[in-house]
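Q: Dropping a structure here in structure tokens format, bear with me for questions.
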Amino acid sequence: SASMYINNYADTTYFGAISIGTPPQSLQVLFDTGSSNLWVDSTYCNTQACNAHTKFDPQQSSTFSANGQSVYLPYGAGSLYGQLGYDTVNVGGIVVTNQEIGLSTQEPSNPFLAAKFDGILGLAYPGISAGGQTPVMDNMISQDLLNDDLFAFYLSRGGQQGSELSFGGVDNSMYQGQIYWTPVTSETYWQIGVQGFQINGQETSWCSQGCQSIVDTGTSSLTAPSQFMGNIMQAIGAQQSQYGMYMVDCSQINNLPTLSFVISGTAFPLPPSAYIEQQNQNGYQFCSVNINPTYLPSQNGQPLWIFGDVFLREYYSVYDRTNNQVGFASA
Amino acid sequence: LKVKIPLQKHKSMRETLGEKGIKIPYQDPALKYYPEQFAG
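Listed in order, the protein sequences are those of chains G and Z. Under the numbering used here, the first sequence has 221 at position 141, and the numbering climbs by one with no breaks. Under the numbering used here, the second sequence has 1 at position 19, and the numbering climbs by one with no breaks.
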């Protein structure tokens, strides 16, 4: 019975473990390239949503120190309130000391009750961090903890296991061919330029004046500028259902067009198997298009795409803080 | 250091709530990047 803002995190599905404190307390977090804060459920919070998750207990950590500041995190999937504190964070064996952490004090809306994660670890730039919190990656860099100041994601297409996030270097076993690099256009999110959009190899010219894309592991779908949606769905042959979803005939998936993005001179194709989601509800199988519209432009006014998990399952993605560039290779 | 962290795929909030008959309203995904619009 809540009217809640829910969007990006409602559909996210890939999570991993970190530990916080001394002795370490393990929590499942969403590693999110579309935000910069670290927050976790804590014993400061006693809402139904908090009680449904593993909570970090600062009183059980000998290395925790509170800083007395509170923070409001306006996430799209139900905003939350927290207290800031410092503690040691262990990310896959990398020990980050004096990491500022948001400890939830109130999760006012219901959606987090259904979340399978206990917190979010933001991997975007410090400039967008709420409360001026220093992101985990920035502390890894300043504490000289990494071989190379980069991280990389492999998101598995099927099955619960197999996905991977690496810090300090790329995992050569998770991609084929070469990594194609493109510069970050705004050091806020992992935002890049898109110079072309093709349908079945035919250039549409929709991005001839430039488009932007935010590469976001915290968003599930491929998000397209709203002004392109009608033409994309027409090219796919999708019909809008009464619930607003775009549907296609499951038997026709192999005949649907390949969508491609041209980035720094290289085309990155998305076959229909990447953007069509086959679902089964109550024995009824249906196929929906996992592309959603956005009505907002990028900060520079150009049409905005979001490369969420739909794109990132096809392409191993590398986020290079030294050179401020994003790399893609065939996953 | 260079480390690898395994990620696991779980049910999304939307799937979990959907199984309980709760539909989540659509919201523009790009609003995430304009947090001032949530400030109210």
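For every residue, glycine included, the Cβ atom is placed at its ideal position computed from N, Cα and C. Everything numeric in this text was worked out from a predicted model, so none of it was measured.
Could you tell me which residues DSSP puts in a beta bridge with G:I386?
A: For G:I386, which the question treats as bridged, DSSP gives the partners G:I294, G:T303.
Q: Answer yes or no: do G:G388 and G:S300 have a C-beta to C-beta separation smaller than 9 Å?
A: Going by C-beta atoms, G:G388 is nearer than 9 Å to G:S300.
Q: How many Å lie between G:P104 and G:L164 at the Cα?
A: Whole-angstrom Cα-Cα distance: 18 Å.
Q: Quick check on DSSP: helix, strand or coil for Z:K14?
A: Z:K14 falls in the helix class under three-state DSSP.
Q: DSSP on G:I208, reduced to helix/strand/coil?
A: If DSSP states are grouped into helix, strand and coil, G:I208 belongs with the helices.
Q: By how many angstroms is the C-alpha of G:P206 removed from the C-alpha of Z:K14?
A: Approximately 16 Å between the Cα atoms of the pair.
Q: Mind checking the region 380 to 408 of chain G against chain Z and listing, in chain order, the residues whose C-beta falls within less than 9 Å of any C-beta there?
A: Cβ contacts with chain Z come from L384, I386, G388.
Q: Compare the C-alpha of G:S344 against each of G:A304, G:L183, G:Q292, G:Y364 and name the closest.
A: When each option's Cα is compared against that of G:S344, the closest is G:Q292.
Q: Taking the alpha carbon of G:C330 as the point to measure from, which residue in G:Q213, G:F136, G:I356, G:Y260 has its own alpha carbon closest?
A: Cα-wise, what sits closest to G:C330 is G:I356.
Q: Would you tell me roughly how many angstroms separate the C-alpha atoms of G:V369 and G:G276, rounded to the nearest one?
A: Taking the straight line joining both Cα atoms gives about 21 Å.
Q: Enumerate, from N- to C-terminal direction, the unbroken beta strand (DSSP E) stretches of 3 or more residues contained entirely within the region 120 to 151 of chain G.
A: If we require 3 residues or more, the region 120 to 151 of chain G turns out to have no beta strand (DSSP E) run fully inside it.
Q: So what does G:L203 bridge to, in DSSP terms?
A: None; G:L203 has no bridge partner.
Q: Inspect the beta-carbon positions of G:V121 and G:F144 and report whether they are closer than 9 Å.
A: Before going further, note that residue 121 of chain G is Asp rather than Val in the sequence given. Result no, Cβ atoms of G:D121 and G:F144 do not sit closer than 9 Å.
Q: Pick from G:L230, G:Q223, G:I294: whose alpha carbon is nearest that of G:D251?
A: Comparing Cα-Cα distances from G:D251 to each of G:L230, G:Q223, G:I294, the minimum goes to G:L230.
Q: What residues of chain Z sit near G:T93, judged by a beta carbon separation below 8 Å?
A: Those within 8 Å of G:T93 in chain Z are K(-9), H(-8), K(-7), S(-6).
Q: Secondary structure at G:N219, three-state DSSP: helix, strand or coil?
A: It is helical.
Q: Measuring only the C-alpha atoms, how far is G:P430 from G:E394?
A: As shown, chain G starts at 81 and ends at 411. That puts residue 430 of chain G outside it, with no answer to give.
Q: So the candidates are G:T346, G:Q282, G:G310, G:I181; which of them puts its Cα closest to the Cα of G:G148?
A: Ranking G:T346, G:Q282, G:G310, G:I181 by Cα distance to G:G148 puts G:I181 first.
Q: Rank G:F348, G:L376, G:Q179, G:I200 by C-alpha distance to the C-alpha of G:L153 and give the top, closest one.
A: The shortest Cα separation from G:L153 among G:F348, G:L376, G:Q179, G:I200 belongs to G:I200.
Q: Between the alpha carbons of G:P352 and G:S142, how many angstroms are there, rounded?
A: Going by the C-alpha atoms only, they are around 52 Å apart.
Q: Within 10 Å of its beta-carbon, does Z:E1 have 16 or more other beta-carbons around it, so buried, or fewer, so exposed?
A: By the neighbour-count rule (16 or more Cβ atoms within 10 Å), Z:E1 is not buried but exposed.
Q: Give, in chain order, every residue of the region 242 to 273 of chain G whose Cβ lies closer than 7 Å to some Cβ of chain Z.
A: Listed in sequence order: S243, E244, L245, S246, F247, G248, G249, D251, Y269.
Q: For G:C130 and G:M220, what's the separation of their Cα atoms in angstroms?
A: Straight-line Cα distance between these residues: approximately 28 Å.
Q: In angstroms with no decimal places, state the Cα-to-Cα distance between G:A210 and G:S116.
A: Their Cα atoms are separated by approximately 8 Å.
Q: Tell me, please, whether the CB atom of G:Y161 is closer than 9 Å to any CB atom in chain Z?
A: Chain Z, which has no Cβ nearer than 9 Å to the Cβ of G:Y161, makes this no.
Q: Got a sec, what are the start and stop residues for the alpha helix (DSSP H) G:M325 sits in?
A: Unbroken run through G:M325: none, as it is neither H nor E.
Q: Is Z:S(-6) a contact residue of the ligand HEM, with contact defined as CB to any heavy atom under 8 Å?
A: Of the ligands one can find in the structure shown there are none, so the ligand HEM has no counterpart to examine.
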